[in-house]
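Sequences listed follow chains Y and S, in order.
Per this note's numbering, the first sequence runs over residues 7 to 343.
Per this note's numbering, the second sequence runs over residues 7 to 343.
Even glycine gets a Cβ: it sits at the ideal position worked out from N, Cα and C.
The block underneath contains the structure these notes are about, expressed in structure tokens.
There are 2 protein chains.
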Amino acid sequence: MRDLTSLGLKTVGGRVLVLDQRRLPDIEEWLDGTAPAALVEHIRRLSVRGAPLIGVSAALGVAAHAERGASRTQLEQACASLRAARPTAVNLAWAMDQMRGVLDAGGGVGELVKRAEAIFDQDAEFCEQMANHGAALIAPGEGILTHCNTGGLVTAGIGTALGVIRRAHELGRNVHVFVDETRPLLQGARLTTWELGRLGIPHTLITDGMAASVLARGKVQRVLVGADRIARNGDFANKVGTYALAIVACHHGVPFHPVAPWSTVDLSCASGRDIPIEERAASEVRGYSGMRWAPSDVDVFNPAFDVTPVALIESLVLDRGVFSRSALAQGLSGVAG
Amino acid sequence: MRDLTSLGLKTVGGRVLVLDQRRLPDIEEWLDGTAPAALVEHIRRLSVRGAPLIGVSAALGVAAHAERGASRTQLEQACASLRAARPTAVNLAWAMDQMRGVLDAGGGVGELVKRAEAIFDQDAEFCEQMANHGAALIAPGEGILTHCNTGGLVTAGIGTALGVIRRAHELGRNVHVFVDETRPLLQGARLTTWELGRLGIPHTLITDGMAASVLARGKVQRVLVGADRIARNGDFANKVGTYALAIVACHHGVPFHPVAPWSTVDLSCASGRDIPIEERAASEVRGYSGMRWAPSDVDVFNPAFDVTPVALIESLVLDRGVFSRSALAQGLSGVAG
Chain Y
7 MRDLTSLGLK
17 TVGGRVLVLD
27 QRRLPDIEEW
37 LDGTAPAALV
47 EHIRRLSVRG
57 APLIGVSAAL
67 GVAAHAERGA
77 SRTQLEQACA
87 SLRAARPTAV
97 NLAWAMDQMR
107 GVLDAGGGVG
117 ELVKRAEAIF
127 DQDAEFCEQM
137 ANHGAALIAP
147 GEGILTHCNT
157 GGLVTAGIGT
167 ALGVIRRAHE
177 LGRNVHVFVD
187 ETRPLLQGAR
197 LTTWELGRLG
207 IPHTLITDGM
217 AASVLARGKV
227 QRVLVGADRI
237 ARNGDFANKV
247 GTYALAIVAC
257 HHGVPFHPVA
267 PWSTVDLSCA
277 SGRDIPIEER
287 AASEVRGYSG
297 MRWAPSDVDV
307 FNPAFDVTPV
317 ALIESLVLDR
327 GVFSRSALAQ
337 GLSGVAG
Chain S
7 MRDLTSLGLK
17 TVGGRVLVLD
27 QRRLPDIEEW
37 LDGTAPAALV
47 EHIRRLSVRG
57 APLIGVSAAL
67 GVAAHAERGA
77 SRTQLEQACA
87 SLRAARPTAV
97 NLAWAMDQMR
107 GVLDAGGGVG
117 ELVKRAEAIF
127 DQDAEFCEQM
137 ANHGAALIAP
147 GEGILTHCNT
157 GGLVTAGIGT
167 ALGVIRRAHE
177 LGRNVHVFVD
187 ETRPLLQGAR
197 LTTWELGRLG
207 IPHTLITDGM
217 AASVLARGKV
227 QRVLVGADRI
237 ARNGDFANKV
247 GTYALAIVAC
257 HHGVPFHPVA
267 PWSTVDLSCA
277 SGRDIPIEER
287 AASEVRGYSG
297 MRWAPSDVDV
307 FNPAFDVTPV
317 ALIESLVLDR
327 GVFSRSALAQ
337 GLSGVAG
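Below, the structure is given as structure tokens:
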């Protein structure tokens with residue numbers, strides 16, 4: 007396997023390394039995810055996270071496993087266990103189906119490595135295309151609000167929604183980013199601020215409940231978010247809190263755009279109702295990272311994602327282009343070809 | 007001064023004691039707030055918080071100061087410094103104006119103590135009236151969503167919005183409460199869960215960004231919140247995050263009600279635009295209670311409150327009765343008499 011490098015994922019001499027996103031921004035530690043069982047654990051614990059990146063890292067993990075002499079049965083098992091590591095983001099299932107397809111066609115180590123490298127390379131290229139399509143929407147001086155983390159950390163390239171923001175910044179659009187902290191796991195507060203700081207893009211951190219205030223004050227002209235799975239009708243799942251943001255943006259007449267690569271589209275889901283929503287541990291809501299502030303036995307509801315209906319979307323930014331709400335009324339099946 | 011007792015405030019032998027709400031739910035520690043300077047600090051640091059309670063505690067603080075021999079000038083200074091401790095909740099200004107009125111009318115220690123005791127007693131009585139008015143709105147089996155903390159901790163009685171919920175529970179309405187954690191200071195996660203647990207009222211903790219998901223799943227039939235200042239036209243300020251919740255409730259056709267005593271109404275504010283919004287320290291958003299997770303130098307916007315326009319309100323529950331949105335269109339001036 008070639009040595010590959012992105013902000014949160016790299017391969018070095020055939021080993022797969024992931025940046026531990028749970029410890030950012032203060033500690034930058036790379037974890038070994040070469041063994042599929044280790045990678046599954048890193049994905050479950052969100053050391054490696056973000057819809058595109060978990061797909062790319064899983065593909066590289068399967069390829070590394072093959073290079074180290076895993077049998078066909080072991081590779082099938084690796085594909086299955088990685089595929090099941092998290093349920094909502096479809097990119098992971100998509101990447102594992104790709105690798106499984108190579109196996110099923112009788113492909114050997116060379117073909118598996120080639121496919122995984124292609125998934126990595128394509129993901130980076132898709133980011134460029136999304137960034138160019140999305141940046142064209144942005145007027146000079148816009149305030150842009152975003153949720154969760156959708157940058158270099160979650161893709162092989164410059165990111166999805168945050169990639170669009172980066173490109174707009176590079177084009178001199180003079181944007182200012184408002185960053186939702188994104189409870190419970192604080193990906194906005196920890197990761198998006200860290201990425202924006204590295205890139206020198208002006209930004210302000212707020213709590214999730216403050217977004218509506220910022221919109222009411224006229225400081226935001228556009229909302230850009232990622233997506234973990236997009237249904238055929240344009241409904242999409244993303245990090246919990248996205249749906250509220252879409253309602254609030256719509257209420258203020260502020261355009262709202264999900265940004266994602268085509269691997270995020272799941273044509274087998276007719277609408278958002280068909281997207282499985284992962285529920286995670288109560289401890290994530292009772293506190294943060296070992297610190298608990300709620301009563302230890304309090305009942306908790308912790309859906310990691312929510313579903314935003316297409317009716318609240320101004321347009322969907324894909325690597326294949328920008329699709330307005332009215333274009334989405336035709337469904338995404340026609341875009342597949 | 008009589009010995010007075012509420013969940014978060016008491017007087018013992020002329021001393022004013024406040025329960026340190028920053029340390030709940032795990033530690034129950036009473037702080038001495040007899041000296042006005044100490045009480046100002048407790049209010050600023052949110053050891054004692056909640057619009058009605060900061061007014062009541064400040065009144066008792068002035069009375070205790072008088073009992074300990076403070077001069078008229080010292081009492082005027084105490085009224086002024088307490089009045090300025092926090093800017094948004096008008097109950098504090100209202101209570102200080104009451105005490106100042108006694109002083110200006112030449113009232114002595116006896117009159118000041120009597121007025122402060124009356125403010126305490128009336129606040130508890132207002133809670134009963136709000137609870138009875140509000141509980142009458144609630145149908146059996148309702149899911150009720152609430153934000154921040156509005157219970158026994160923030161009043162001399164059973165609370166505002168949480169008092170309504172408690173009364174509905176006592177009347178056998180079989181309610182289930184969804185509690186927004188309420189970042190940044192987590193009053194919902196720490197305090198509302200603690201109160202509901204003591205009262206045996208079924209409840210589930212969520213992050214602020216999950217409220218829309220809970221509504222979309224049909225689990226919530228009503229949203230009840232407190233208020234820190236209500237303008238003449240029915241717009242009101244409350245803990246940041248309330249406005250988003252009102253938009254989301256309106257989007258789902260779920261009735262949304264602020265609950266407050268008359269002392270929260272500020273007829274001198276024509277609309278929400280006239281309500282001053284307190285901005286607090288960046289450290290509150292960069293982490294929580296000494297733990298920081300965001301970059302240490304990240305720019306932060308931290309408004310402690312937001313303004314919800316009357317158009318999003320189903321009805322306003324006051325001690326004086328329930329006022330529908332259409333009744334509020336006449337303004338609150340007519341209710342004053």
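W36/S is bridged by DSSP to L25/S.
By the C-beta criterion, the segment 25-45 of chain Y is judged not to be in contact with the segment 215-225 of chain Y, since fewer than 3 inter-stretch pairs fall below 8 Å. Under the three-state reduction of DSSP, P58/Y is assigned to helix. For V115/S, there is no enclosing beta strand (DSSP E); the enclosing alpha helix (DSSP H) has its first and last residue at V115 to A141. The C-beta of L13/Y comes no closer than 8 Å to any C-beta of chain S. DSSP, reduced to helix, strand and coil, places G215/Y within a helical segment of the structure shown. Closer than 8 Å to the CB of D234/S there is not a single CB belonging to chain Y. Taking the C-beta atoms as reference points, G232/S is found nearer than 8 Å to T156/S.
Within the segment 252-328 of chain S, the complete alpha helix (DSSP H) segments at least 4 residues long are 289-292, listed from N- to C-terminus. If you look at G149/Y, you'll find it in the beta strand (DSSP E) that goes G149 to T152. Under the three-pair Cβ rule at 8 Å, the segment 237-255 of chain S does not count as touching the segment 296-303 of chain S. In this structure, DSSP gives R331/S a helical state, which the three-state scheme calls helix.
Judged by their CB atoms, V226/Y and G149/Y are nearer to each other than the 8 Å cut-off. Shortest Cα-Cα distance from M105/Y to any of T94/Y, V96/Y, E117/Y and A95/Y involves E117/Y. Inter-residue distance for G293/S and A222/S is about 30 Å (C-alpha atoms, whole angstroms). L52/S is outside the set of residues whose beta carbon lies under 8 Å from a beta carbon in chain Y.
In the DSSP assignment, N180/S is bridged to no other residue.
Neighbours of H209/Y across chain S, judged by C-beta separation under 9 Å: V304 and D305.
Buried is the label assigned to S63/Y, since at least 16 other Cβ atoms lie within 10 Å of its Cβ. Listed in chain order, the positions of the segment 239-257 of chain Y with a beta carbon within less than 9 Å of a beta carbon of chain S are K245, V246, G247, T248, Y249, A250, L251, A252, I253, V254, C256 and H257. Annotation: the continuous alpha helix (DSSP H) that includes N97/Y extends over V96 to D110. Between L318/S and I253/S the beta-carbon gap is near 7 Å, inside 8 Å, which marks them as a contact. At a cut-off of 8 Å between C-beta atoms, G215/S counts as an interface residue with respect to chain Y.
Between the C-alpha atoms of V220/Y and D305/S there is a straight-line separation of about 14 Å. Within chain Y, the residues whose beta carbon sits less than 8 Å from that of V220/S are F307, listed in sequence order. By alpha-carbon distance to R172/Y, the top candidate from T152/Y, L322/Y and D186/Y is T152/Y. Excluding the 5 residues flanking it on each side, A243/Y has same chain C-beta neighbours closer than 6 Å at T94, D234, R235, I281, F311 and V313, in chain order. The Cβ of L192/Y sits closer than 8 Å to at least one Cβ of chain S. Contact note: V183/S does not reach chain Y at a C-beta cutoff of 7 Å; the least C-beta distance is about 10 Å. Between the alpha carbons of M7/Y and G56/Y lies a distance of about 23 Å.
Here H139/Y has V323, G327 and V328 as same chain residues with Cβ atoms under 7 Å from its own Cβ, once five neighbours each way along the sequence are excluded. Distance check between L143/S and each of A174/S, D325/S and D127/S places A174/S closest, using alpha-carbon atoms only. The three-state secondary structure of A91/S, taken from DSSP, is coil. Here the segment 158-167 of chain Y makes no contact with the segment 184-191 of chain Y; the two share fewer than three CB pairs at distances below 8 Å. With a beta-carbon spacing of about 6 Å, L15/S and L59/S fall inside the 8 Å limit used to define contacts. When beta bridges are read from the DSSP output, K245/S appears opposite F311/S.
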